[in-house]
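One point on numbering: in the working numbering, the residue at position 30 of the sequence shown is 223, and numbering is uninterrupted.
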Amino acid sequence: MNPDPYPHPHPLAELVRIESDPAYRALFCAELDAAIQDRFANRTAVVAEAQEAAHRLRALLLHSEPGPSA
């Protein structure tokens, strides 16, 4: 049995609820803000890891001894 792709009677029912119910809108916005902050923190951490890896690679390439050619 396949779940209904539209669990609400109308595809925009969630949006209508967000627009019409102030308490639900506040909850939705708080959860959205938290998700955005979490995504930004994850992105910042990944960028920092990539920058550190690039720094280590640069240092390795600049300070390594030349090896034999294959």
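Where is the CB? At the ideal position from N, CA and C, for every residue including glycine.
The structure presented is a predicted model; accordingly, all values stated were derived computationally and were not measured.
Query - Range covered by the alpha helix (DSSP H) that runs through Asp-226 - result: Looking at the DSSP string, the run of the alpha helix (DSSP H) that includes Asp-226 is 215 to 256.
query = Rounded to a whole number of angstroms, what is the C-alpha to C-alpha distance between Ala-247 and Asp-231?
reply = The alpha-carbon atoms of Ala-247 and Asp-231 are separated by roughly 24 Å.
Exercise for review: Return yes when the Cβ of Ile-211 is within less than 8 Å of the Cβ of Arg-218, no when it is not.
Suggested key: Cβ atoms of Arg-218 and Ile-211: closer than 8 Å.
Check: Nearest chain D C-beta to Leu-205 closer than 8 Å, yes or no?
Finding: Among the chains in the structure shown there is no chain D, since it carries only a single protein chain.
Note to self: Rounded to the nearest angstrom, what separates Ala-243 and Pro-215 at their Cα positions?
What the structure shows: Whole-angstrom Cα-Cα distance: 42 Å.
Can you grab the Cα-Cα spacing for the pair Leu-220 / Leu-208, in whole Å? Those two C-alpha atoms are separated by around 13 Å.
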